[in-house]
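Visitor: My structure is below; once you've seen it, I'll send some questions.
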Amino acid sequence: MSGIALSRLAQERKAWRKDHPFGFVAVPTKNPDGTMNLMNWECAIPGKKGTPWEGGLFKLRMLFKDDYPSSPPNPTNVILMYCHILQILLGIQELLNEPNIQDPAQAEAYTIYCQNRVEYEKRVRAQAKKFSPS
Numbered sequence: 003m004s005g006i007a008l009s010r011l012a013q014e015r016k017a018w019r020k021d022h023p024f025g026f027v028a029v030p031t032k033n034p035d036g037t038m039n040l041m042n043w044e045c046a047i048p049g050k051k052g053t054p055w056e057g058g059l060f061k062l063r064m065l066f067k068d069d070y071p072s073s074p075p076n077p078t079n080v081i082l083m084y085c086h087i088l089q090i091l092l093g094i095q096e097l098l099n100e101p102n103i104q105d106p107a108q109a110e111a112y113t114i115y116c117q118n119r120v121e122y123e124k125r126v127r128a129q130a131k132k133f134s135p136s
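Under the working numbering, the residue at position 117 of the sequence shown is numbered 119, and the numbers go up by one with no gaps.
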C-alpha cells in the first residue's frame, strides 16, 4: 500500500472526525485482525431535506487505490434509484464549475481559487486542454 495514500486518508479521517456534515457517515472498515483499513470505507449519505429522499440514509462503500489521491475512489453499492447517468454526470460537471469552497478536496487548488482566480482559471484551462479528446 502506498504511504502517500495512507497518509492522505489518515489526514482526511482526522479532519472528518473533527468536523463533518450532520447525518453523513464515513468510517474506515476493520481488517480481520481488528486494525483499521483506511483503503476501504463504509459511508452513508442522508436524503436531502425537503426532497422525496428526506429521511433516508443511503449507504455506499468507498474503495481507494494505492495511487489515491491521484486516482478517485471507487464507490460501490450505491443506491441511485431513479438517478440517471446524465444526472450524475451533470452533478459532477457542476462541481467542476462551482467547487465547494466550504469543504475543499484539494488544498492547493482551493488556495489558488481563493487568492488568484486568474491563475486558477489558467490552470483549469491547461487541464481541460490536457484532457481534450482531440
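In this text, a Cβ means the ideal position worked out from N, Cα and C, and glycines have one as well.
Just so it is clear, the structure is predicted and the values come from calculations on it, not from any experiment.
Measuring straight from C-alpha to C-alpha, what distance separates F133 and D35?
Guide: 42 Å
Visitor: What's the gap between the Cα of Y70 and the Cα of E56?
Guide: 32 Å
Visitor: Going by DSSP, name the residue or residues bridged to V27.
Guide: A46
Visitor: By the three-class DSSP mapping on this structure, what secondary structure does K132 have?
Guide: Correct three-state label for K132: helix.
Visitor: Kindly indicate which three-state DSSP category N39 falls into: helix, strand or coil?
Guide: Collapsing the DSSP output to three states places N39 in a strand.
Visitor: Specify the secondary structure class of N79 as computed by DSSP and reduced to three states.
Guide: Coil, per DSSP.
Visitor: Run the CB neighbour count on G40, radius 10 Å, all protein chains shown included, and call it buried at 16 or more, exposed below.
Guide: According to the sequence shown, residue 40 is Leu rather than Gly. It is buried - the Cβ of L40 has at least 16 other Cβ atoms within 10 Å.
Visitor: According to the neighbour-count rule (16 or more other Cβ atoms, all chains shown, within 10 Å of its Cβ), is F26 buried or exposed?
Guide: exposed
Visitor: Could you tell me which residues DSSP puts in a beta bridge with R127?
Guide: Under DSSP, R127 takes part in no beta bridge, so it has no partner.
Visitor: Leaving out five residues before and five after E100 in sequence, what residues of the same chain have Cβ atoms less than 8 Å from its Cβ?
Guide: Nothing listed; no residue qualifies.
Visitor: Which partner residues does F60 have in the DSSP bridge list?
Guide: I47
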